[in-house]
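Q:
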Amino acid sequence: MRSFKLKTDARPCPKCGNAREFTAQSRQVCEDGCEVWVICYWCGYDPTEGKIGHRVESVMGGTDDNNVLMAVSVWNDELESEKPEKVKS
Ligand SMILES: [Zn+2]
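The sequence shown begins at 7 in this note's numbering and counts up one residue at a time.
(1) Going by the DSSP bridge assignment, what does N64 pair with across the sheet?
(2) As a quick exercise: from V65, T54, C36, pick the residue whose alpha carbon is nearest that of V44.
(3) Hey, how far is the Cα of C22 from the Cα of V74?
(4) CA-CA distance, N24 and P18?
(5) Need the endpoints of the alpha helix (DSSP H) that D70 sits in, please.
(6) Is W48 near ligand 1, going by C-beta to nearest heavy atom under 7 Å?
(7) Cβ atoms of V78 and A16: under 8 Å apart, would you say?
(8) Should N24 be counted as a contact of ligand 1 given a C-beta to heavy atom distance under 7 Å?
(9) Quick check on E41: buried or exposed, where buried means 16 or more other Cβ atoms within 10 Å of its Cβ?
Put into C-alpha cells, the structure is as follows:
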C-alpha cells in the first residue's frame, strides 16, 4: 500500500471531493498476476470495488509510478461512467 499525491487533479471523489490524494493498493490474484488500483486517501472510496476486470493488471503488482498512473486513469474512467444518472432510452 502506498499513499501518494498527484501533481494534477484526478476526478474528484464522489463522496468527499478529494482529487489529489490516493492510496495505491495491490493484490495478488493469480500466480503471476496482480491487480493494482487506487482508493481515495480521505474516505477510502473505491470505484472498482466489486467489479471484476476493472483494475490494472500487473505481473509484479508494484505500486510504482507507472502502475499508479494507470490505476488513476482507471479511477477517472470509473467515475466518468458512474457520473450520469442512469438514463435508459
Ligand atoms: Zn473520498
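Even for Gly, the Cβ is constructed at its ideal location relative to N, Cα and C. Source: prediction; values computed, not measured.
A: Quick answer:
(1) Numbered from its first residue, the sequence shown carries residue 64 at position 58. Rather than Asn, the amino acid found at residue 64 in this sequence is Ser. According to DSSP, which records beta bridges pairwise, S64 is partnered with C40.
(2) Sequence index remark: in the sequence shown, residue 44 carries index 38 (1-based). Residue T54 is the option with its Cα nearest to V44.
(3) Translated into the one-based positions of the sequence shown, residue 22 becomes position 16. Translated into the one-based positions of the sequence shown, residue 74 becomes position 68. A direct Cα-to-Cα measurement between C22 and V74 gives close to 21 Å.
(4) As a first step, residue 24 must be located in the sequence shown, where it is residue number 18. As a first step, residue 18 must be located in the sequence shown, where it is residue number 12. Their Cα atoms are separated by approximately 5 Å.
(5) Stepping through the sequence shown from its first residue, residue 70 is reached at position 64. That residue, D70, is in no alpha helix (DSSP H); it is neither H nor E in DSSP.
(6) By one-based count along the sequence shown, residue 48 stands at place 42. Checking every heavy atom of ligand 1 against the Cβ of W48, one is found closer than 7 Å.
(7) In the sequence shown, residue 16 corresponds to position 10, counting from 1. In the sequence shown, residue 78 corresponds to position 72, counting from 1. A distance below 8 Å separates the beta carbons of A16 and V78.
(8) The residue labelled residue 24 in the question sits at position 18 within the sequence shown. For N24, the distance from the CB to the nearest heavy atom of ligand 1 is below 7 Å.
(9) For the purposes of this step, residue 41 is identified with residue 35 of the sequence shown, where counting begins at 1. Buried.
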